[in-house]
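Encoded as C-alpha cells, the structure appears first; notes follow it.
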Amino acid sequence: MAHKILILNGPNLNMLSEREPEIYGSDTLESIGVACQHKGQTLGMMVDFRQSNEEGELVGWIQSAAKDFSGIVLNAGAYSHTSIAILDALRAASLPTIEVHLSNIYRRESFRHHSYISQAALGVICGLGTQGYLLALDALARIVDED
Ligand code: DQA
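Under our numbering, the first residue of the sequence shown carries the number 48, and numbering increases by one thereafter.
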C-alpha cells in the first residue's frame with residue numbers, strides 16, 4: 048500500500064502570494080499543494096495537504112496522524128517559534144517529520160531563529176521556497192522506505 052504523507056501548514060500561510068511576497072514569494076498555497084501532489088505521485092506516495100490558522104486544530108491533526116500516515120511535513124508558520132503544544136503532539140505521534148520554512152528564518156529577526164518544531168524534526172529545510180516542500184517529500188520517501 049502507498050505511504051501517506053501529511054503536509055501541514057500553519058497560520059497565515061493561506062495568505063501566500065498576497066502576504067509579503069518579497070519574503071515568501073509569489074506562489075499561492077494552492078499551487079504549492081498541487082506541486083506536492085504531483086511530487087507525491089512521482090514518488091508513489093499519497094499526499095494530504097492542509098492548512099489551519101488554529102494551533103488546536105494542528106495539534107488534533109498531528110495526534111490523529113499516527114494511525115494513518117507514514118510521515119509529516121510541517122510548516123507551522125509563527126507557531127514554530129511559540130508552540131510547545133505542537134512539539135508535544137509531534138513527540139506523541141512519533142512519525143518522521145521534516146520541518147519546512149519558505150523563508151530562511153536565520154536571515155530574519157532573532158525571534159525566528161528558534162523553533163520548537165526542530166526538536167521533534169528529523170530535518171529542517173528553510174529558505175528554498177516551494178522547493179523546500181518537494182525536497183522534504185524526497186527525503187521522506189527514502190526514510191519511510193528504509194523503515
Ligand atoms: C515561515 C517563517 C515563520 O517565521 C513565519 O512566522 C511564517 C512562515 C516560513 O515559511 O518562512 O509564517 O514559517
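Yeah, the Cβ is synthetic: ideal placement off N, Cα and C, and Gly gets one too.
Q. Can we count S111 as close to ligand 1, meaning its CB is less than 7 Å from some heavy atom?
A. no
Q. How would you write the range of the alpha helix (DSSP H) that G107 sits in, first residue to last?
A. E102 to D115
**Q.** Segment contact, 8 Å Cβ cut-off, at least three pairs: the stretch 176 to 184 with the stretch 144 to 151
**A.** yes
Q) On the three-pair Cβ rule with 8 Å, is the stretch 89 to 99 touching the stretch 125 to 132? A) no
Q) Since I145 is in the beta strand (DSSP E), which residue starts that stretch and which ends it? A) T144 to H148
Q: Could you tell me if Y180 is buried or exposed, where buried requires 16 or more neighbouring beta carbons within 10 angstroms of its beta carbon?
A: buried
Q. Is N122 near ligand 1, with its Cβ less than 7 Å from a heavy atom?
A. yes
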